[in-house]
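Each remark here refers to the structure printed beneath this line.
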Amino acid sequence: MNIREIELPGIGKKYEIITKSTDKVVIIIHDDGRRDIYYFDQEDYEEAIASTTFDDTESRQIAAIIGGMTYAPKALETIEMAFDDLVIEWSKVEPGALAVNQTIGNLNIRQSYEVNIVAIIKRNQKKIHTPGPETLLEVGDTVIVSGQRHQVKTIVKEILSRRDG
Amino acid sequence: MILMTNHLVFEVGTALIIVAGAALLAGRLKFSIIPFLILLGMVVGPHAPHFGIIDLRFIESSEIIEFFGRVGVLFLLFYLGLEFSVGKLIRSGRSIVVGGTIYVALNFVLGFIYGWSVGFPIMETFIIAGLLSVSSSAIVAKVLVDLKRTANSETELILGIILFDDIFLAIFLSIMSGLLLGGSTTILGTITSVLISLGYMILFFIIARKGAPLLNKLLNIKSNEIFILVIFASLFFVAGFSEKLHVAEAIGALLLGLVFSETEHRERIEHLVIPFRDFFGAIFFFSFGLSIDPFSLGGAVWLALGAVILTIISNFVAGMISGRKAGLSHKASSNIGLTIVSRGEFSIIVANLGLAGGLMPILKPFTAVYVLILAILGPLLTKESKNIYQVMNRIFRWENKRKPKKHEAEGRS
Numbered sequence: 549m550n551i552r553e554i555e556l557p558g559i560g561k562k563y564e565i566i567t568k569s570t571d572k573v574v575i576i577i578h579d580d581g582r583r584d585i586y587y588f589d590q591e592d593y594e595e596a597i598a599s600t601t602f603d604d605t606e607s608r609q610i611a612a613i614i615g616g617m618t619y620a621p622k623a624l625e626t627i628e629m630a631f632d633d634l635v636i637e638w639s640k641v642e643p644g645a646l647a648v649n650q651t652i653g654n655l656n657i658r659q660s661y662e663v664n665i666v667a668i669i670k671r672n673q674k675k676i677h678t679p680g681p682e683t684l685l686e687v688g689d690t691v692i693v694s695g696q697r698h699q700v701k702t703i704v705k706e707i708l709s710r711r712d713g
Numbered sequence: 008m009i010l011m012t013n014h015l016v017f018e019v020g021t022a023l024i025i026v027a028g029a030a031l032l033a034g035r036l037k038f039s040i041i042p043f044l045i046l047l048g049m050v051v052g053p054h055a056p057h058f059g060i061i062d063l064r065f066i067e068s069s070e071i072i073e074f075f076g077r078v079g080v081l082f083l084l085f086y087l088g089l090e091f092s093v094g095k096l097i098r099s100g101r102s103i104v105v106g107g108t109i110y111v112a113l114n115f116v117l118g119f120i121y122g123w124s125v126g127f128p129i130m131e132t133f134i135i136a137g138l139l140s141v142s143s144s145a146i147v148a149k150v151l152v153d154l155k156r157t158a159n160s161e162t163e164l165i166l167g168i169i170l171f172d173d174i175f176l177a178i179f180l181s182i183m184s185g186l187l188l189g190g191s192t193t194i195l196g197t198i199t200s201v202l203i204s205l206g207y208m209i210l211f212f213i214i215a216r217k218g219a220p221l222l223n224k225l226l227n228i229k230s231n232e233i234f235i236l237v238i239f240a241s242l243f244f245v246a247g248f249s250e251k252l253h254v255a256e257a258i259g260a261l262l263l264g265l266v267f268s269e270t271e272h273r274e275r276i277e278h279l280v281i282p283f284r285d286f287f288g289a290i291f292f293f294s295f296g297l298s299i300d301p302f303s304l305g306g307a308v309w310l311a312l313g314a315v316i317l318t319i320i321s322n323f324v325a326g327m328i329s330g331r332k333a334g335l336s337h338k339a340s341s342n343i344g345l346t347i348v349s350r351g352e353f354s355i356i357v358a359n360l361g362l363a364g365g366l367m368p369i370l371k372p373f374t375a376v377y378v379l380i381l382a383i384l385g386p387l388l389t390k391e392s393k394n395i396y397q398v399m400n401r402i403f404r405w406e407n408k409r410k411p412k413k414h415e416a417e418g419r420s
């Protein structure tokens, strides 16, 4: 991706973006806070085929959506923080997984996999820090697991992901 | 006395109703407000009838409306100075300097030849060459945003050329005010007054460069009330003081804006000034119209029409050359000239300087017709640039090879 930043005196700033798929997108940030987005076809970089305008609040919200601040795409959901081999991983409890409606103690996670569940983010965004063995795992919970890389991978695969997958 | 003051407020209020009405109409029609204000200003005035209590002749209030207009010029140029920065120009690169030079040189030289060949004396010719060369930043920026052209590749070049054009305006106004307002009759005296105004300008450039840290500290004022008082006091004082040195007050305002643009308070001042620029700026156009007797236009129409045609041609050619030199396509290049062709506030300011210097009064109706036509026609040319390009392309065959191929490809798919 190729981004060019250009000053537009009296209007604001212009960002010209050529994407990997050779689409051209231009974003104008007006001095008054408005944002324009223009889309150009690969065939013709001179005439925009679509455009739209957002006000400041809208553009911030849209930026957050595109940036994945509220929802990260499934494929990228595992954000890893690696310290050598020690990793922390965020993983969702998928429907049909072994862990659904089981307590942590029941699943015997600490003994069988030698990993810790550091925190759980429930579907309603409620956070449970250092959950005890009686904590119930439900579909859609985000489980934050820390441990050795291969063991974390194993637990995600065996009990958090859908079994048929 | 009290009765007169009452009349004054009522007259100014009536004038503002007209101004606001023009603005509403222009907004509804998606047009620049400038030609509407000038036209309405021309229609009313001393020759207008008056109905009962509504007096459209603006006799008592003409002085104060004129003064408001003068204040409008100060704000317009102060803002121009604030927006302007040498850093921006340097960053913008070579193609803009090349394009800007071509644009100003071509317009100025052709304007000079035109003024001279229709028989104007030398000073009037200079003023005409100058007012033909300065594009209207206000109209161009508005048109680019309205027509959603800001994303186009030629837009940066257009705005760069305008920035360059603005510097030309500043230098031109300084030299001309030295020549015209110095009031000197000898050559030596004239040279001295030109040198004074150029020196005055350089002094401000130095203050802008070196004085920023001190000004940052001085302007570090929390209270908005005190801040606005300090800024406006310096604006009016410096502008008025410049007049004393025979440097046009507009130039004083511009230079002060330039100085403030280098401080870290630039944005705050800009926000503060914009509403005042819009308000007094509108009255400036109205007051310019008001000062013109529509029946005096006759003698200037043909002259102005010639200048309009000349401007359209030279803008198109200059845009074409600058665009091609910057590596743009023929189509994008043709957009340049068709966009910067609009004329407005700065042309009037140049003409007003000439009038203040006692030049031929025909400059006023000439400028009025010229600006009126190009403030209306300019945005229309910009809007229709695609069709104009297609017609021109049929004549000059710039891109006759690529086009058919593309159509074929479209046909197949």
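Going down the list, the protein sequences come from chains A and B.
For the first sequence, the working numbering gives the first residue as 549, with consecutive numbering after it.
For the second sequence, the working numbering gives the first residue as 8, with consecutive numbering after it.
Cβ atoms here follow ideal geometry from the backbone N, Cα and C, with glycine treated the same way.
Through-space distance from residue j to residue i, alpha-carbon basis
i, j, result
"V348 of chain B", "I45 of chain B", "18 Å"
"I9 of chain B", "I120 of chain B", "Legend: pLDDT at I9 of chain B = 48, less than 50; position of this residue unreliable, no value from coordinates given."
"D173 of chain B", "S68 of chain B", "33 Å"
"F175 of chain B", "E564 of chain A", "29 Å"
"S191 of chain B", "R582 of chain A", "51 Å"
"T21 of chain B", "P42 of chain B", "19 Å"
"R35 of chain B", "V150 of chain B", "15 Å"
"L360 of chain B", "D584 of chain A", "39 Å"
"I665 of chain A", "M549 of chain A", "38 Å"
"M399 of chain B", "G52 of chain B", "43 Å"
"K408 of chain B", "R331 of chain B", "Confidence at K408 of chain B is low in this model, with a pLDDT of 48, below 50, so the placement of that residue is unreliable and no value is reported for it."
"V635 of chain A", "A612 of chain A", "26 Å"
"P681 of chain A", "Y619 of chain A", "28 Å"
"H14 of chain B", "A55 of chain B", "17 Å"
"T690 of chain A", "A645 of chain A", "13 Å"
"Y661 of chain A", "G688 of chain A", "21 Å"
Proximity winner among the options, relative to residue i (alpha-carbon distances)
i, options, result
"F588 of chain A", "B:L47, B:W405, B:A158 and B:P372", "B:A158"
"S341 of chain B", "B:V357, B:L381, B:I395 and B:D300", "B:I395"
"I103 of chain B", "B:A333, B:G122 and B:G361", "B:A333"
"V357 of chain B", "B:I178, B:G52, B:F234 and B:V237", "B:I178"
"K705 of chain A", "A:V635, A:Y593 and A:E642", "A:E642"
"N656 of chain A", "A:L684, A:H677 and A:G615", "A:L684"
"A382 of chain B", "B:R273, B:S144, B:P53 and B:E232", "B:S144"
"I676 of chain A", "A:I652, A:Q699 and A:A598", "A:I652"
"V50 of chain B", "B:S39, B:K37, B:G306 and B:F65", "B:F65"
"S39 of chain B", "B:V324, B:W405, B:L384 and B:S392", "B:L384"
"L170 of chain B", "A:I551, A:E553, A:V700 and A:P557", "A:P557"
"V78 of chain B", "B:I299, B:G344, B:P282 and B:L387", "B:P282"
"V19 of chain B", "B:A311, B:F287, B:V378 and B:R401", "B:F287"
"K217 of chain B", "B:L370, B:Q397, B:F267 and B:V152", "B:F267"
"F115 of chain B", "B:G137, B:P301 and B:A307", "B:G137"
"R101 of chain B", "B:G313, B:L164, B:K251 and B:I194", "B:L164"
"F602 of chain A", "A:I576, A:A596, A:E595 and A:Q590", "A:I576"
"A598 of chain A", "A:R658, A:H578, A:I554 and A:V574", "A:V574"
Residue range of the unbroken beta strand (DSSP E) whose run includes residue i
i, result
"D584 of chain A", "R583 to F588"
"Y563 of chain A", "G560 to I566"
"F91 of chain B", "Run containing F91 of chain B: none; DSSP gives neither H nor E here."
"K149 of chain B", "Careful: K149 of chain B lies outside any beta strand (DSSP E), inside the alpha helix (DSSP H) at S144 to D153."
"G189 of chain B", "Neither: G189 of chain B is in no beta strand (DSSP E) and is coded neither H nor E."
"F602 of chain A", "A596 to F602"
"K572 of chain A", "K572 to H578"
Extent of the continuous alpha helix (DSSP H) run through residue i
i, result
"E352 of chain B", "E352 to A363"
"V308 of chain B", "G305 to K332"
"A215 of chain B", "I194 to K217"
"V348 of chain B", "Element bounds for V348 of chain B: n/a, residue is neither H nor E."
"L113 of chain B", "R101 to S124"
"N159 of chain B", "Premise fails: N159 of chain B is in no alpha helix (DSSP H) and is neither H nor E."
Pair within 8 Å by beta-carbon distance, residue i and residue j
i, j, result
"G118 of chain B", "S140 of chain B", "yes"
"S494 of chain A", "V663 of chain A", "The structure shown does not extend to residue 494 of chain A, since chain A spans only 549 to 713, so no value can be given for it."
"K338 of chain B", "L154 of chain B", "no"
"V280 of chain B", "L89 of chain B", "yes"
"G76 of chain B", "F291 of chain B", "yes"
"L180 of chain B", "F211 of chain B", "no"
"M327 of chain B", "G351 of chain B", "no"
"G296 of chain B", "G48 of chain B", "yes"
"V315 of chain B", "I380 of chain B", "yes"
C-beta neighbour in chain C for residue i, strict 8 Å
i, result
"E594 of chain A", "Note that chain C does not occur in the displayed structure, where the protein chains are A and B."
### Message
Counting only Cβ-Cβ distances shorter than 8 Å, please list the residues of the stretch 140 to 159 of chain B near chain A, keeping chain order.
### Response
Those residues of the stretch 140 to 159 of chain B that come within reach of chain A (Cβ to Cβ, closer than 8 Å) are S144, A148, L151, V152, K155, T157, A158 and N159.
### Task
Pull out every residue of the stretch 554 to 575 of chain A whose Cβ sits closer than 7 Å to any Cβ of chain B, in chain order.
Flagged, chain order: I554, E555, L556, P557, G558, I559, K562 and V574.
### Where the stretch 77 to 91 of chain B meets chain A: residues whose CB sits under 7 Å from a CB there
From the stretch 77 to 91 of chain B, only E90 have a Cβ closer than 7 Å to chain A.
#### Entry: Under 7 Å (Cβ pairs) to chain A, residues found in the stretch 329 to 355 of chain B
Of all residues in the stretch 329 to 355 of chain B, S336, K338 and A339 have a Cβ within less than 7 Å of some Cβ in chain A.
### Task
Compile a chain-ordered list of the residues in the stretch 163 to 192 of chain B whose CB is closer than 8 Å to at least one CB of chain A.
Only those residues of the stretch 163 to 192 of chain B whose C-beta falls short of 8 Å from the nearest C-beta of chain A are listed: E163, L166, G167, I169 and L170.
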